[in-house]
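Going by this note's numbering, 205 is the number at position 24 of the sequence shown; the sequence numbering is gapless.
Here a beta-carbon is modelled for each residue, glycine too, at the ideal position from N, C-alpha and C.
In this text, all values refer to a predicted model and were calculated from it rather than measured experimentally.
Encoded as structure tokens, the structure appears first; notes follow it.
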Amino acid sequence: MKIRDAVVRPFGLAVSSSRPKEMKLMFPILSEDTDEVILGAEDKHLTFAVGVTIANNTVSISTLVTIHNTLGKLYWAVVRLFHPVLVRATLRATPLVT
């Protein structure tokens, strides 16, 4: 995230340091129920939501991206290359609750 923030700051995009310090999650919770949490955010270049579902001892993650402009297209073209790696790393770093 530090690298991402350094790259996007000159373009006026939101950076992680602008998020409230008390926020423990990377992105705000948009909705939640007993087996799914949807996180996401909206910026001038794109809107995204990440759904995390737990069912039958399996964690599933889905990402929805809505691109708003050319900068969003460029940003997502780069991010989507690293997205699967980042999702897996985030899952590995997340403590399991039993």
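Mind the definition here: the stretch 248-258 touches the stretch 217-228 only if three or more C-beta pairs lie below 8 Å; say whether that holds. yes
Residue 203 classed as buried or exposed, judged by whether at least 16 other C-beta atoms fall within 10 angstroms: Locating residue 203 in the sequence shown gives position 22, counting from the first residue. Unreliable placement is indicated for residue 203, whose pLDDT of 39 sits below 50; no coordinate value is reported for it.
Per DSSP, which residues does residue 230 bridge with? Please list them. The count along the sequence shown starts at 1 and reaches residue 230 at position 49. Beta-bridge pairing links residue 230 to 221, 245.
The alpha helix (DSSP H) spanning residue 209 covers which residue range? In the sequence shown, residue 209 corresponds to position 28, counting from 1. Counting along the chain, residue 209 falls outside any alpha helix (DSSP H), and DSSP gives it neither H nor E.
Have a look at residue 213 and residue 233 and give me their C-alpha separation to the nearest angstrom. Position 32 of the sequence shown, counted from the start, is the residue given in the question as residue 213. Position 52 of the sequence shown, counted from the start, is the residue given in the question as residue 233. If I take the Cα positions, the gap works out to 9 Å.
Which residues in the same chain have their Cβ closer than 8 Å to the Cβ of residue 247, if we skip the five residues on either side of it in sequence? Taking the sequence shown and counting its residues from 1, the one referred to as residue 247 is at position 66. Excluding positions up to five away in sequence, the list reads 227, 228, 229.
Through-space distance from residue 209 to residue 200, alpha-carbon basis: Your numbering for residue 200 matches position 19 in the sequence shown. Your numbering for residue 209 matches position 28 in the sequence shown. Summary for residue 200: the model assigns pLDDT 48, below 50, so the residue's position carries little reliability; its value from the coordinates is reported in the next sentence. So the two alpha carbons sit approximately 9 Å from each other.
With respect to the alpha helix (DSSP H) encompassing residue 251, which residues constitute its N-terminal and C-terminal limits? As a first step, residue 251 must be located in the sequence shown, where it is residue number 70. Start and end: 251-274.
Could you give the DSSP three-state label for residue 187: helix, strand or coil? By 1-based counting over the sequence shown, the position of residue 187 is 6. Of the three classes helix, strand and coil, the one that applies to residue 187 here is helix, per DSSP.
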